[in-house]
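Asker:
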Amino acid sequence: MRGAEPAMASKFTRVHSLSFHDRRSMLHNLVFFANFLLGLDYGLIMPTAWRYLKSIDGTDPFYFGLLLSGFSLSGLLGGLVCSENSRYRPASVRLTILFLTLCPLLGNALYFIGLNVWFIIIGRMIAGFGVGVVTVIYNELCKSTPLEERKPLLRRVFATRQIGMALSPVYVYLLNLLDTAVGRNGIVLEEFKGSSFGPIRLTADSAPGCFLFVAWIMFAVVFHACYDSPRCACGRPATVPRNFLQKEYMLERTPLLRPRAGHFCETCLARCPSVGTIERERREEEEQDIRREEKTRRMSRRRSTSSVSFLQAFSKDTVVCLLFMQMLGFFCQSLVESTVAPTLDHFLDMGPLEVSFVLMALALETLGVFFVFVAWSKKHLRRTLLAMGLILGMTIASLAALFMAVFFMKETGPRIELFPAYTVALCFQFLAAPGISIWTTSLLSKHVPRNQQEKSVAVRRVCNYLGNILGPLWGTAVVFRPLLLYGVAGFFVFLGTAMFFVSFGDIAEPFLAEEKRLLEAGLVIPPDNARPRVSTIQEVSSEVVSDTTPK
Numbered sequence: 008m009r010g011a012e013p014a015m016a017s018k019f020t021r022v023h024s025l026s027f028h029d030r031r032s033m034l035h036n037l038v039f040f041a042n043f044l045l046g047l048d049y050g051l052i053m054p055t056a057w058r059y060l061k062s063i064d065g066t067d068p069f070y071f072g073l074l075l076s077g078f079s080l081s082g083l084l085g086g087l088v089c090s091e092n093s094r095y096r097p098a099s100v101r102l103t104i105l106f107l108t109l110c111p112l113l114g115n116a117l118y119f120i121g122l123n124v125w126f127i128i129i130g131r132m133i134a135g136f137g138v139g140v141v142t143v144i145y146n147e148l149c150k151s152t153p154l155e156e157r158k159p160l161l162r163r164v165f166a167t168r169q170i171g172m173a174l175s176p177v178y179v180y181l182l183n184l185l186d187t188a189v190g191r192n193g194i195v196l197e198e199f200k201g202s203s204f205g206p207i208r209l210t211a212d213s214a215p216g217c218f219l220f221v222a223w224i225m226f227a228v229v230f231h232a233c234y235d236s237p238r239c240a241c242g243r244p245a246t247v248p249r250n251f252l253q254k255e256y257m258l259e260r261t262p263l264l265r266p267r268a269g270h271f272c273e274t275c276l277a278r279c280p281s282v283g284t285i286e287r288e289r290r291e292e293e294e295q296d297i298r299r300e301e302k303t304r305r306m307s308r309r310r311s312t313s314s315v316s317f318l319q320a321f322s323k324d325t326v327v328c329l330l331f332m333q334m335l336g337f338f339c340q341s342l343v344e345s346t347v348a349p350t351l352d353h354f355l356d357m358g359p360l361e362v363s364f365v366l367m368a369l370a371l372e373t374l375g376v377f378f379v380f381v382a383w384s385k386k387h388l389r390r391t392l393l394a395m396g397l398i399l400g401m402t403i404a405s406l407a408a409l410f411m412a413v414f415f416m417k418e419t420g421p422r423i424e425l426f427p428a429y430t431v432a433l434c435f436q437f438l439a440a441p442g443i444s445i446w447t448t449s450l451l452s453k454h455v456p457r458n459q460q461e462k463s464v465a466v467r468r469v470c471n472y473l474g475n476i477l478g479p480l481w482g483t484a485v486v487f488r489p490l491l492l493y494g495v496a497g498f499f500v501f502l503g504t505a506m507f508f509v510s511f512g513d514i515a516e517p518f519l520a521e522e523k524r525l526l527e528a529g530l531v532i533p534p535d536n537a538r539p540r541v542s543t544i545q546e547v548s549s550e551v552v553s554d555t556t557p558k
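In terms of the numbering used here, the sequence shown opens at residue 8 and continues consecutively.
1) For D186, report the span of its alpha helix (DSSP H) as first-last.
2) Considering only C-alpha positions, which residue in the set M332, S316 and G375 is nearest to F508?
3) Pick out the complete alpha helix (DSSP H) segments inside the region 311-378, 4 residues or longer, and give them in chain order.
4) Would you kindly check if the distance between the Cβ of F338 and the Cβ of G512 is under 7 Å?
5) Return helix, strand or coil for V500, following the three-state DSSP convention.
6) With H, G and I counted as helix, E and B as strand and the rest as coil, what does DSSP make of L148?
7) So, with DSSP's three-state summary, where would you put I120?
8) So, is N123 buried or exposed, given that buried needs 16 or more other C-beta atoms within 10 angstroms?
9) What's the C-alpha gap between G46 and L409?
10) At a cut of 8 Å, does the region 367-385 reach the region 466-485 through at least three beta carbon pairs?
11) Please return the same chain residues whose Cβ sits closer than 8 Å to the Cβ of L451, not counting the five positions on each side in sequence.
12) With H, G and I counted as helix, E and B as strand and the rest as coil, what does DSSP make of I194?
13) Let me confirm a value: G190 is counted as buried when at least 16 other C-beta atoms fall within 10 Å, else exposed. Which label applies?
14) With DSSP as the reference, please indicate the residues paired to R157 in a beta bridge.
15) Could you give the distance in angstroms between the alpha-carbon of L112 and the alpha-carbon of I104?
16) Taking only the alpha-carbon atoms, compute the straight-line gap between G72 and A484 and give it to the nearest angstrom.
17) Have a look at L318, L366, S93 and A432 and flag the residue whose alpha-carbon is nearest the alpha-carbon of G171.
18) Using beta-carbon positions only, say whether E372 and F414 come within less than 7 Å of one another.
19) Going by the DSSP bridge assignment, what does L109 pair with across the sheet?
20) From M357 to F321, what does the alpha carbon distance come to, in whole angstroms?
21) Measuring alpha carbon to alpha carbon, tell me which residue in T448, W125, P359 and S449 is nearest L182.
22) Output the distance between the C-alpha atoms of V38 and S32, rounded to the nearest integer angstrom.
23) Using a Cβ-Cβ cutoff of less than 8 Å, which residues in the same chain neighbour P13 once the five nearest sequence positions on both sides are dropped?
24) Select from G139, L335 and P441 the residue whose C-alpha is nearest the C-alpha of V381.
25) I need the DSSP call for R131, collapsed to helix, strand or coil.
26) Ordered along the chain, which non-local residues of its own chain (more than five positions away) have a Cβ less than 6 Å from that of R168?
27) What are the boundary residues of the alpha helix (DSSP H) that V431 is part of?
28) Measuring only the C-alpha atoms, how far is G130 from L160?
29) Could you give the distance in angstroms between the alpha-carbon of A428 and the alpha-carbon of A412?
30) Taking the alpha-carbon positions, what's the V486 to P54 distance?
31) Evaluate K158 with the Cβ neighbour count: other Cβ atoms within 10 Å of its Cβ, from every protein chain shown; 16 or more gives buried, anything less gives exposed.
32) Ignore the nearest five residues each way along the sequence and tell me which others in A222's own chain have a CB closer than 7 Å to its CB.
33) Using the three-state DSSP reduction, which class does R488 fall into: helix, strand or coil?
34) Please name the residue, chosen from E424, R162, K323 and V343, that lies closest to I1 on a Cα-to-Cα basis.
35) Quick one: residues in its chain with C-beta nearer than 7 Å to the C-beta of E361, no 5 flanking neighbours on either side, listed in chain order?
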């Protein structure tokens, strides 16, 4: 048995012999894979779930809203709970992700079985906890990536998810081929013919659940094979000095993906006294450096940031206004998304394929608008404030256009000529939503104190998910009553616009102070009529308004 130990140890060492950078690259690939799966989930479920629910239990569209809102609610709960667990128990990240992977497996299995409407809705709610997988991996990604590399990486991650959504017509086309092969009644799976669930049929409507079940199994296998913490030769987790991340990589916390070379576990130190003595001396020096750096950092933080409580930070008028606008953007976007399939089916007699093409156009538009707005706001900070107001006005105009299109569909019956007008109105709505999200996030970072910045991310995510939960519920409840549907949404957008302009002076003050600092450093493009100094809120407002005058 003792002779087998070196062989096992050498085999274990070969398995875990990758460098820190190679393991970090694996983590990046896992993030891309998980986000593509979320885009795939959206591209498969959104066009087909409405027809699937209709085939089982009538035509009540509110079930469709429950399905979408339940997925968002469980995604919110799973993301918050599991991210906090991975934060305070970093050693349990691997088990947490593997456990969360079981939720999409179980949820998609229930969706595939589809005995009744509630089976499908509960299945989607369980599958929503799988969003926590991406949240936990995001945390590990931020811990193992320097700040200058993190932002472009997260943009590529966002692009991966949008690409998964944009491939929706390909998925639906394959499902149509399956529908042609097996027929509308599908085929009965003989393996489950005598099960307690009764006969299980494979149809084009239930096939997305089966396909996503297989996709998440692939993710679990890839994650189990690629994600692991470094080990010593004895097979135990290595201990790494914290200043490896603070000095060499300037990271926030020690991730699971730690560098292996030159670090030993306690067992290895006990077996080799000479190595243990050197290692202990080096650790003591590093710990002293860490204490000194942390003490300096705490003192500087106390001097620069006053102690502001959570309630004080998030009860300010400007913060409440920005959080309301953030929620409003996601509310309008999810409301419109949830009504696309029922509207096209009821008024224009269009199926999942046409819905998938609309969703593909919206996903590509969101991707393009996101990158354009991010690049533009870096160079034109002052005009960002003006664009924020214009975007809010565009949201109201798009809701009015959607109301007119759906109103004429309802009054005149199915008319294919109204489809382009409806699609253009949708594009205007999805042109506004990314701008609201990007710019409210940027403005919030300047109005929340530094000691509450971490909590502001959680609060902002809660507002986003709250909009995603309420939007489908309201949209599908009154989808065939366009005046009530778009009238209520337009009222809330008008209310948010009024709040924004009433609080404009307080919102603009720190934002333009930041612009002044960047102008002095030559990092932004100054406006043509910019004066060297802005001293009062009245001067700020007049300069921003002067940008709208024709040159």
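We treat Cβ as the ideally placed atom computed from N, Cα and C, and that holds for glycine.
Answerer: According to the data block:
1) Where D186 is concerned, the enclosing alpha helix (DSSP H) stretches over S175 to V189.
2) Nearest neighbour of F508 by Cα position, chosen from M332, S316 and G375, turns out to be M332.
3) Fully enclosed alpha helix (DSSP H) runs of 4 or longer: 317-321 and 324-355.
4) At the C-beta level, G512 and F338 stay beyond 7 Å of one another.
5) In the structure shown, the three-state DSSP call for V500 is helix.
6) It is helical.
7) In the structure shown, I120 sits in a helix (DSSP, three-state: H, G or I).
8) Around the beta-carbon of N123, fewer than 16 other beta-carbon atoms lie within 10 Å, marking it exposed.
9) Roughly 26 Å separates the two Cα atoms.
10) No, the region 367-385 does not touch the region 466-485.
11) Counting only Cβ-Cβ distances below 8 Å, and skipping sequence neighbours, we find V326, L329, L330, Q333, S463 and R467.
12) Per DSSP, reduced to three states, the secondary structure at I194 is strand.
13) So G190 counts as exposed.
14) Looking at the DSSP output, R157 shares a beta bridge with no other residue.
15) For L112 and I104, the distance between alpha carbons rounds to 13 Å.
16) About 8 Å.
17) Of the candidates L318, L366, S93 and A432, the one whose C-alpha sits nearest the C-alpha of G171 is L366.
18) Taking C-beta atoms as the reference points, E372 and F414 fail to come closer than 7 Å.
19) Beta-bridge pairing links L109 to no other residue.
20) Cα-Cα distance, rounded: 45 Å.
21) It is P359.
22) Straight-line Cα distance between these residues: approximately 10 Å.
23) A caution first: P13 carries a pLDDT of 47, below 50, which makes its placement in the model too unreliable to give a value.
24) Closest option to V381, Cα to Cα, is P441.
25) Here R131 carries a helix assignment [DSSP, helix/strand/coil].
26) Answer for R168: N42, L45 and G46, listed in chain order.
27) For V431, the enclosing alpha helix (DSSP H) begins and ends at L425 to H454.
28) Cα-Cα distance, rounded: 32 Å.
29) Taking the straight line joining both Cα atoms gives about 7 Å.
30) Rounded to the nearest angstrom, the gap between the Cα atoms of V486 and P54 is 16 Å.
31) By the neighbour-count rule (16 or more Cβ atoms within 10 Å), K158 is not buried but exposed.
32) Excluding positions up to five away in sequence, the list reads L44 and L47.
33) Residue state, collapsed to three classes: coil.
34) This structure does not reach residue 1, given that the chain is present from 8 up to 558, and the question cannot be answered.
35) Excluding residues within five positions, the ones whose Cβ falls inside 7 Å are L351.
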